[in-house]
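**Q**
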Amino acid sequence: MKCKLEYIENKSIELEKIELFNNAEETRKNLDDIFDERKKEYLKFFESERKIIESENSKNKKELEEFKNKIEEKRNYFRKPILIISAICVGITLYGLFKINSVSNLINEHEKKLTYKGALEKAKVKDQPIIYGSMNEPLRQGDIEITVTNVLRESMSTNKDKVKVDITLENLSDEDLEINSNMFKIVGDSGRADSNSSSIFNKNIDRIVNRGRKEHFVYGAVVKKNDKNLELEFGRGVIKLN
């Protein structure tokens, strides 16, 4: 009797195990079915998203191509005016260079005439009598009138001084005249002063004085320390610098 009960108990346990196994198998199948359904749903969703993205990419690519074509059309539209403007600028530049060269040639010719006229004026007054003048008094030579307004004497070394003469010059003619430092010289008891030592300083004198205009400048020369009775010579005019 006892053995029969044990047998029945063992069989019950086996049946429970079999039932549990069957239940587990059924649960696995259910899970597999659920997974397959989810998998299909995800695949369907991803496929739908892929198609949407491809559609958007195609649309963007088309819009980009259209924008590129519009840019190209605008560039072609503005290219011709730019070429025309560039050609005009080149023409204006060449014309400007031509005019500058022409003006430069005219100025050079004008300066040659002025220099030639200055030489003629010197030749005309060569045999005229000497005219003496004083500081702060106008002295006229031809169409030019000068006035010495101030004289400054500075020590340079133990045996040399530098003399600076303030001069106001007026062009009384009806034409522009060229002036330069060679028109003037300072003379003392020992002879003509050295103006070459002041050549850089005197280069500022070289200029063209317009008709009816006045110019102010400083003429310089180097004299000996003990040199006295200095005079400024201008053409046939002499101005005492005492």
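For the sequence shown, the working numbering assigns the number 18 to the initial residue and increments by one for each residue that follows. Glycine included, each C-beta is placed from N, C-alpha and C at the ideal position. All of these numbers come straight from a predicted model, not from anything done at the bench.
1) What residues in its chain sit with their C-beta under 8 Å from that of K85, if we drop five residues either side in the sequence?
2) Which of the three DSSP states, helix, strand or coil, is assigned to S172?
3) If you draw a straight line from the alpha carbon of I161 to that of L189, how long is it in whole angstroms?
4) On the DSSP letters alone, give me the boundaries of the beta strand (DSSP E) that L247 sits inside.
5) I want to know whether the region 195 to 203 touches the region 148 to 157 - three or more CB-CB distances under 8 Å.
6) Is there a C-beta anywhere in chain B that falls below 8 Å from the one on N221?
7) Can you give me the C-alpha to C-alpha distance between N77 and I69, rounded to a whole angstrom?
8) Using 8 Å as the threshold, is the C-beta distance between L156 and I163 below it?
9) Would the beta-carbon of G208 fall within 8 Å of that of N246?
10) If you count every other CB in all the chains shown that lies within 10 Å of the CB of Y59, and 16 or more means buried, which is it?
11) Can you check which of these residues, K241, H233, R230 and Q145, is closest to N176 by C-alpha distance?
12) Which of the three DSSP states is assigned to K202 in this structure?
13) Measure the beta-carbon distance from E258 to V107 and round it to whole angstroms, keeping in mind my assumption that it falls under 8 Å.
14) Taking the beta strand (DSSP E) that D183 falls in, what are its first and last residues?
**A** So, from the listed chains and residues:
1) So the list is empty, once near-sequence residues are dropped.
2) Note: S172 maps to strand in three-state DSSP.
3) The straight-line gap from Cα to Cα measures roughly 6 Å.
4) No beta strand (DSSP E) contains L247, which DSSP labels as neither H nor E.
5) No: fewer than three Cβ pairs fall under 8 Å.
6) Note that chain B does not occur in the displayed structure, where there is just one protein chain.
7) In this structure, the straight-line span from the alpha carbon of N77 to that of I69 is close to 12 Å.
8) Less than 8 Å separates the beta-carbon of L156 from that of I163.
9) The Cβ atoms of G208 and N246 lie no closer than 8 Å to each other.
10) Exposed.
11) Of the candidates K241, H233, R230 and Q145, K241 places its Cα closest to the Cα of N176.
12) DSSP places K202 in strand when its eight states are reduced to three.
13) As written in the sequence, residue 258 is Leu, which differs from the Glu given in the question. The beta-carbon separation of L258 and V107, rounded to 59 Å, does not stay under the 8 Å limit for a contact.
14) Looking at the DSSP string, the run of the beta strand (DSSP E) that includes D183 is K177 to N188.
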